[in-house]
Structure formats: C-alpha cells, structure tokens
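Input: a single structure, listed below in structure tokens.
In this note's numbering, the protein residues as written are 4 to 118.
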C-alpha cells in the first residue's frame, strides 16, 4: 500500500514536470523568436529551464513565504500599536504629519523645514 502511494507520487511529479516543461516550451517558442530573436527550444531544454527557475526563484505554487510575511507583519503591527499607545498626543500629531509628508499627500511640516 505504501509502495504504490510512493510510485503514484513519483508518476504524478514526473507528469507535472512534463506538463510544465511542455507549457514552458510552447510559450518560449511562441514569444522568444519574435521578441528577441531567440532560438526555439526543445522539451528537455524547457525542463532544464524549469529546474533552473526552481533553483533561482524557489518553489512553484507553494506560498510558504506568505505565511512568514503574515507572521512578521502581525509582529510589526503589535510592536507599532504598543509604541503608539506610549506616545503623547503631540508626538502622535507630529508622526501623522511626517507620515503624510513621506507618502506625498502633504507638504513638509514647518518644524522640519527650519532644521
């Protein structure tokens, strides 16, 4: 039972590699010659290109980075909220003005222009 599951997983991975390689080959051969006079590639070259992209840019279809991003974003948000609660009303107003200036929605506050 376990052995057949492993064989099926290997067969599905090989089929997925073949399908993605075929897609890359078709897209390359459709776009590359017209865009930058590139030569057409075969299926094995497309598979190599797929593996190279995997090595350079990471996994396809898995969004493990988004989990880490959300965790770090939540940590930043909590830290900022704690800092915000400790600010005086004058500091909060100065922060809002500086933030609006950095975002390009307002002119630079008068306090910072004299420095």
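Here a beta-carbon is modelled for each residue, glycine too, at the ideal position from N, C-alpha and C.
{"Asked": "Segment limits, alpha helix (DSSP H) that includes residue 51", "Found": "46-60"}
{"Asked": "Span of the alpha helix (DSSP H) around residue 36", "Found": "5-39"}
{"Asked": "Residue 42 (DSSP reduced to helix, strand or coil)", "Found": "coil"}
{"Asked": "Residue from 56, 79, 94 with nearest C-alpha to residue 24", "Found": "56"}
{"Asked": "The stretch 37-57 / the stretch 74-86 touching (three or more Cβ pairs under 8 Å)", "Found": "no"}
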